[in-house]
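Chemist:
2 protein chains.
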Amino acid sequence: ADDAARTGAAERNAQLTKPPGALGRLEDLAGWYAAWVGDARPRITQPQVLVFAGNHGVAAQGVSAFPPEVTVQMVANFKAGGAAINQLSDLAGATLGVHALDLDTPTADFTQGPAMTEDEVCAAFALGWTAVDPQADLVVTGEMGIGNTTSAAAIAAALLGGDGWAGRGTGVDDAGLARKQAAITAGLAANPGRSGLAVLAGLGGRELAAMAGAIAGARAHRIPVILDGFICSAAALCLHAEDAAALDHCVAGHLSAEGAHARLLEALGKTPLLSLGLRLGEGSGAALAIQILKSALVCHSGMATFEEAGVAAG
Amino acid sequence: ADDAARTGAAERNAQLTKPPGALGRLEDLAGWYAAWVGDARPRITQPQVLVFAGNHGVAAQGVSAFPPEVTVQMVANFKAGGAAINQLSDLAGATLGVHALDLDTPTADFTQGPAMTEDEVCAAFALGWTAVDPQADLVVTGEMGIGNTTSAAAIAAALLGGDGWAGRGTGVDDAGLARKQAAITAGLAANPGRSGLAVLAGLGGRELAAMAGAIAGARAHRIPVILDGFICSAAALCLHAEDAAALDHCVAGHLSAEGAHARLLEALGKTPLLSLGLRLGEGSGAALAIQILKSALVCHSGMATFEEAGVAAG
Numbered sequence: 023a024d025d026a027a028r029t030g031a032a033e034r035n036a037q038l039t040k041p042p043g044a045l046g047r048l049e050d051l052a053g054w055y056a057a058w059v060g061d062a063r064p065r066i067t068q069p070q071v072l073v074f075a076g077n078h079g080v081a082a083q084g085v086s087a088f089p090p091e092v093t094v095q096m097v098a099n100f101k102a103g104g105a106a107i108n109q110l111s112d113l114a115g116a117t118l119g120v121h122a123l124d125l126d127t128p129t130a131d132f133t134q135g136p137a138m139t140e141d142e143v144c145a146a147f148a149l150g151w152t153a154v155d156p157q158a159d160l161v162v163t164g165e166m167g168i169g170n171t172t173s174a175a176a177i178a179a180a181l182l183g184g185d186g187w188a189g190r191g192t193g194v195d196d197a198g199l200a201r202k203q204a205a206i207t208a209g210l211a212a213n214p215g216r217s218g219l220a221v222l223a224g225l226g227g228r229e230l231a232a233m234a235g236a237i238a239g240a241r242a243h244r245i246p247v248i249l250d251g252f253i254c255s256a257a258a259l260c261l262h263a264e265d266a267a268a269l270d271h272c273v274a275g276h277l278s279a280e281g282a283h284a285r286l287l288e289a290l291g292k293t294p295l296l297s298l299g300l301r302l303g304e305g306s307g308a309a310l311a312i313q314i315l316k317s318a319l320v321c322h323s324g325m326a327t328f329e330e331a332g333v334a335a336g
Numbered sequence: 023a024d025d026a027a028r029t030g031a032a033e034r035n036a037q038l039t040k041p042p043g044a045l046g047r048l049e050d051l052a053g054w055y056a057a058w059v060g061d062a063r064p065r066i067t068q069p070q071v072l073v074f075a076g077n078h079g080v081a082a083q084g085v086s087a088f089p090p091e092v093t094v095q096m097v098a099n100f101k102a103g104g105a106a107i108n109q110l111s112d113l114a115g116a117t118l119g120v121h122a123l124d125l126d127t128p129t130a131d132f133t134q135g136p137a138m139t140e141d142e143v144c145a146a147f148a149l150g151w152t153a154v155d156p157q158a159d160l161v162v163t164g165e166m167g168i169g170n171t172t173s174a175a176a177i178a179a180a181l182l183g184g185d186g187w188a189g190r191g192t193g194v195d196d197a198g199l200a201r202k203q204a205a206i207t208a209g210l211a212a213n214p215g216r217s218g219l220a221v222l223a224g225l226g227g228r229e230l231a232a233m234a235g236a237i238a239g240a241r242a243h244r245i246p247v248i249l250d251g252f253i254c255s256a257a258a259l260c261l262h263a264e265d266a267a268a269l270d271h272c273v274a275g276h277l278s279a280e281g282a283h284a285r286l287l288e289a290l291g292k293t294p295l296l297s298l299g300l301r302l303g304e305g306s307g308a309a310l311a312i313q314i315l316k317s318a319l320v321c322h323s324g325m326a327t328f329e330e331a332g333v334a335a336g
């Protein structure tokens, strides 16, 4: 991050026509964003939403309320403009990129061994990295993939330890939840590596690897990122496990209704911007949060100073 | 509210391409809004932000970190486009109406007797009522008035009882906070009436009366309202004290950093949409929340159904 831009933004913030601190977290967001893009008075004009889709071998264990063919059906819905993320991206003035990763070839069932080979995880990571538009001034990473809350919960369990990472996902019943928990336990045993990248390959999925790649790629371009919910956070956790500073260019867009998301965000050291009970994925919560970040910057960069407005500074 | 529109919206919601309930509070908001506007598939295209400004006799008690002349200076800033609310209204696609109420004639000091006569409070209420554009499809009510957190805290204390309603406002120091608390105690003694409208006249201010009038006027037109922070909520409380259903067409836009706002919202039975530490007033938190409500409606009204998209419904 750029210290000169950070300092310049703080100086500007102190002169704006409001009591000190009265815009609360919006002020913090503006300073953080300014530092990452290296501009003390920036605006967001080209946000990019990236949705990655993948299929999961572990879905065969009956861990989801929906059948695996819904992944490809929802990709068609994204491309036709009918999903929530289409509406939210349009409203936020963002471009939407949809990337389906080898949907006809699900990952291997991680209860039996690694979900992906090294070549497969690297290819998915690289696809995510290169999906980032270098001209974008904000990136949102989202996903679609029947079975992927099981993958995300397994990643969290592997890297953070403890129980209770499995949740209801899209709405699985008690029996399904028990199968999900059993699959995670089996997956942890079948994939003993505990580095971030080993866990991503062993327990992740192509869309999770692509999100991790996009987050890392955005960092290379100094583009701030808004993280979405539980699955996106699990993908981000794999980077965080390799380097605790790897997510400094990211904010958490929202707290998902998926039960374990709060614990996962706490492990990442992130406080969510929104908490509206969403548990859809697709990047939907992060896309909502684009408007919060835009709001922070229109205030920071558009407001008059006390001197410009002839207002007494108290 | 319109039961047919509510039912129609619920039927539509159940068919949209997402797991049931996955959009969380956005789904509730869409159903509530649909019922109030009488349209099962509505969108927000004409939001109106109303900012009312008033001066307070109680400011002479030294209750604010800013001098009273800041009220008129900030009104000029609103009209010139330099304040936070200008930026936030523009970003949300809202029109902004700014109404300064007799700034040269502050209300009477409520520590000595009623802040406003019956004629004065009625005139301010009527101004707020008629400021609502009947063509608007959403109204936000905000305010500016040095001294008005003292007025709002006094209203809350009078109608809800208990202590601790006084907070730091724009940033008053410990001595100022003690003066603020003393002024509230004196105001409660000098204004013994405890009906909502008696409290509004006795302890309120012109901008608070105008906000109450705008909230009531919007109801007459069946226009949903987003409430702003502590001061707006205190104005709304005066209506709520007269009729517990008077705010059914309102949602709470945000939880302010002003300490007692959470208690006040609890008394109103409202859960805030956002909690970002704002304590600016001007309608700023509610204007941010316009985008959340718009997001709820673009999803509700723009998404494809399972049948339209050819997606399996689980």
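So the sequences go chain by chain: W and Y. All residue numbers for the first sequence refer to UniProt numbering, where the first residue is 23 and numbers rise by one. All residue numbers for the second sequence refer to UniProt numbering, where the first residue is 23 and numbers rise by one. From the three backbone atoms N, C-alpha and C, an ideal C-beta is built for every residue, glycine too.
(1) For I248/Y, which beta-bridge partners are listed by DSSP?
(2) From F328/Y, C321/Y and L286/Y, pick the residue whose C-alpha is nearest to that of A180/Y; which is it?
(3) Determine the direct distance from the alpha carbon of A44/W to that of R301/Y, and round the result to whole angstroms.
(4) What would DSSP say about F74/Y, mapped onto helix, strand or coil?
(5) Got a sec: is the Cβ-Cβ distance from Q83/Y to anything in chain W below 8 angstroms?
(6) I think F88/Y touches A334/W, with their Cβ atoms under 8 angstroms apart; what is that distance to the nearest whole Å?
(7) Helix, strand or coil: how does DSSP classify G184/Y here?
(8) Would M166/Y pass as an interface residue toward chain W - the criterion being a Cβ-Cβ separation below 8 angstroms?
(9) Measure the alpha-carbon distance for T133/W versus G209/W and round it to whole angstroms.
(10) Is G299/Y helix, strand or coil by DSSP?
(11) Kindly say whether R201/W, judged by its beta-carbon, lies nearer than 8 angstroms to any beta-carbon of chain Y.
(12) Here's a check: name, in chain order, each residue in its chain whose Cβ is nearer than 6 angstroms to the Cβ of G60/Y, leaving out the five neighbours to either side.
(13) So, with DSSP's three-state summary, where would you put A122/W?
(14) According to DSSP, is L45/W helix, strand or coil?
(15) Counting along the chain, where does the alpha helix (DSSP H) carrying F147/W start and finish?
(16) Quick check on DSSP: helix, strand or coil for T39/Y?
(17) Closer than 8 angstroms between beta carbons: that is the criterion. Which residues of the segment 105-131 of chain Y meet it against chain A?
(18) On a CA-only basis, which of Q109/Y, T152/Y, L38/Y and S86/Y is nearest H121/Y? Give me that one, please.
(19) Taking I177/W as the query, report the chain Y residues whose CB atoms sit under 9 angstroms from its CB, ordered along the chain.
(20) Quick one: using the 10 Å Cβ neighbour count with 16 as the cut-off for buried, is G186/Y buried or exposed?
(21) Between the segment 31-61 of chain Y and chain W, which residues of the former have a C-beta closer than 7 angstroms to a C-beta of the latter?
(22) Here's a check: name, in chain order, each residue in its chain whose Cβ is nearer than 6 angstroms to the Cβ of I168/Y, leaving out the five neighbours to either side.
(23) List, from N- to C-terminal side, the alpha helix (DSSP H) runs of 4 residues or more that fit wholly inside the segment 81-123 of chain W.
(24) Pull up the DSSP beta-bridge partners for P69/W, would you.
(25) So, is T39/Y buried or exposed, given that buried needs 16 or more other C-beta atoms within 10 angstroms?
(26) Secondary structure at T327/Y, three-state DSSP: helix, strand or coil?
(27) Sorted by chain position, which residues of the same chain lie with C-beta nearer than 7 angstroms to G215/W's C-beta, five sequence neighbours on each side aside?
(28) Please report the straight-line C-alpha distance between I206/W and A56/Y, rounded to a whole angstrom.
(29) Do L219/W and E288/W come within 8 angstroms of each other at the CB atom, strictly closer than that value?
(30) Can you find a C-beta in chain W that's less than 8 angstroms from the C-beta of I66/Y?
(31) Against chain Y, does R244/W count as a neighbour if the rule is that its beta carbon must be under 8 angstroms from one of theirs?
(32) Can the beta-carbon of A232/W be found less than 8 angstroms from the beta-carbon of G150/W?
(33) Once DSSP output is grouped into helix, strand and coil, what is the label at T171/Y?
(34) Indicate whether at least one CB of chain W lies closer than 8 angstroms to the CB of Q95/Y.
(35) Measuring only the C-alpha atoms, how far is A176/W from G307/Y?
(36) Residues of chain Y with CB closer than 9 angstroms to the CB of L300/W, please, in chain order.
Modeler: In brief:
(1) Residue numbering aside, residue 248/Y sits at position 226 when the second sequence is read from its first letter. Partner(s): V162/Y and V273/Y.
(2) Looking up residue 180/Y in the second sequence gives position 158. Of the listed residues, the one whose Cα sits closest to A180/Y is L286/Y.
(3) The residue you call residue 301/Y lines up with position 279 of the second sequence. The residue you call residue 44/W lines up with position 22 of the first sequence. Going from the Cα of R301/Y to the Cα of A44/W covers about 5 angstroms.
(4) Along the second sequence, read from residue 1 onward, the residue named residue 74/Y stands at position 52. Strand at F74/Y.
(5) Position 61 of the second sequence, counting from 1, holds the residue named residue 83/Y. No, no contact with chain W.
(6) Stepping through the second sequence from its first residue, residue 88/Y is reached at position 66. Stepping through the first sequence from its first residue, residue 334/W is reached at position 312. With a Cβ gap of about 7 angstroms, F88/Y and A334/W count as contacting.
(7) As a position in the second sequence, residue 184/Y is number 162, starting the count at 1. DSSP places G184/Y in coil when its eight states are reduced to three.
(8) As a working note, residue 166/Y is residue 144 in the second sequence. False, the Cβ-Cβ gap to chain W never drops below 8 angstroms.
(9) Translated into positions along the first sequence, residue 133/W becomes position 111. Translated into positions along the first sequence, residue 209/W becomes position 187. Roughly 4 angstroms between the two C-alpha positions.
(10) Taking the second sequence and counting its residues from 1, one reaches residue 299/Y at position 277. DSSP places G299/Y in coil when its eight states are reduced to three.
(11) Within the first sequence, numbered from 1, the residue matching residue 201/W stands at position 179. Taking Cβ atoms only, chain Y never reaches closer than 8 angstroms to R201/W, which makes this a no.
(12) On the second sequence, residue 60/Y is found 38 positions in, with the first residue counted as 1. Cβ within range, chain order: D24 and A27.
(13) Stepping through the first sequence from its first residue, residue 122/W is reached at position 100. The answer is strand: DSSP assigns A122/W an E or B state.
(14) Here residue 45/W corresponds to residue number 23 of the first sequence, with the count starting at 1. L45/W falls in the coil class under three-state DSSP.
(15) Position 125 of the first sequence, counted from the start, is the residue given in the question as residue 147/W. That run of the alpha helix (DSSP H) goes E140 to A153.
(16) Against the second sequence, residue 39/Y aligns to sequence position 17. In this structure, T39/Y counts as coil in the three-state DSSP scheme.
(17) In the structure shown, chain A does not exist; the protein chains are W and Y.
(18) On the second sequence, position 99 is the one that residue 121/Y refers to. Checking every option, the nearest Cα to that of H121/Y belongs to T152/Y.
(19) Against the first sequence, residue 177/W aligns to sequence position 155. Simply none; closest approach about 21 angstroms.
(20) Reading the second sequence from its first residue, position 164 is the one you call residue 186/Y. Looking at its Cβ environment, which holds fewer than 16 other Cβ atoms inside 10 Å, G186/Y is exposed.
(21) T39, K40, P41, P42, A44, L45, G46, R47 and L48
(22) Taking the first residue of the second sequence as 1, we reach residue 168/Y at position 146. For I168/Y, where only same-chain residues beyond five positions count, the Cβ hits under 6 angstroms are A81, S86, F88, P90, V92 and T93.
(23) 91-102 and 106-113
(24) As a working mapping, residue 69/W is identified with position 47 in the first sequence. Answer is L160/W, bridged to P69/W.
(25) As a first step, residue 39/Y is located in the second sequence; it is residue number 17 there, counting from the start. So T39/Y ends up on the buried side.
(26) Numbered from 1 along the second sequence, position 305 holds the residue referred to as residue 327/Y. Strand at T327/Y.
(27) Residue 215/W sits at position 193 when you count from the first residue of the first sequence. V221 and G224.
(28) Position 184 of the first sequence holds residue 206/W. Position 34 of the second sequence holds residue 56/Y. Distance between the alpha carbons of I206/W and A56/Y: 42 angstroms.
(29) Looking up residue 288/W in the first sequence gives position 266. Looking up residue 219/W in the first sequence gives position 197. Cβ atoms of E288/W and L219/W: not closer than 8 angstroms.
(30) Here residue 66/Y is taken as the residue at index 44 of the second sequence, counted from 1. No, because no Cβ of chain W sits closer than 8 angstroms to the Cβ of I66/Y.
(31) The residue given as residue 244/W occupies position 222 in the first sequence. No, R244/W lies away from the interface with chain Y (no Cβ there is under 8 angstroms from its Cβ).
(32) Here residue 232/W is taken as the residue at index 210 of the first sequence, counted from 1. Here residue 150/W is taken as the residue at index 128 of the first sequence, counted from 1. Taking 8 angstroms as the Cβ cut-off, A232/W and G150/W qualify as a contacting pair.
(33) Counted from its first residue, the second sequence places residue 171/Y at position 149. Looking at T171/Y - three-state DSSP - the assignment turns out to be helix.
(34) Working through the second sequence from its first residue, we reach residue 95/Y at position 73. Closer than 8 angstroms: yes.
(35) Within the first sequence, residue 176/W is the residue found at index 154, counting from 1. Within the second sequence, residue 307/Y is the residue found at index 285, counting from 1. A176/W and G307/Y: Cα-Cα distance of roughly 38 angstroms.
(36) By 1-based counting over the first sequence, the position of residue 300/W is 278. Those are A44, L45, G46, R47 and L48, listed as they occur along chain Y.
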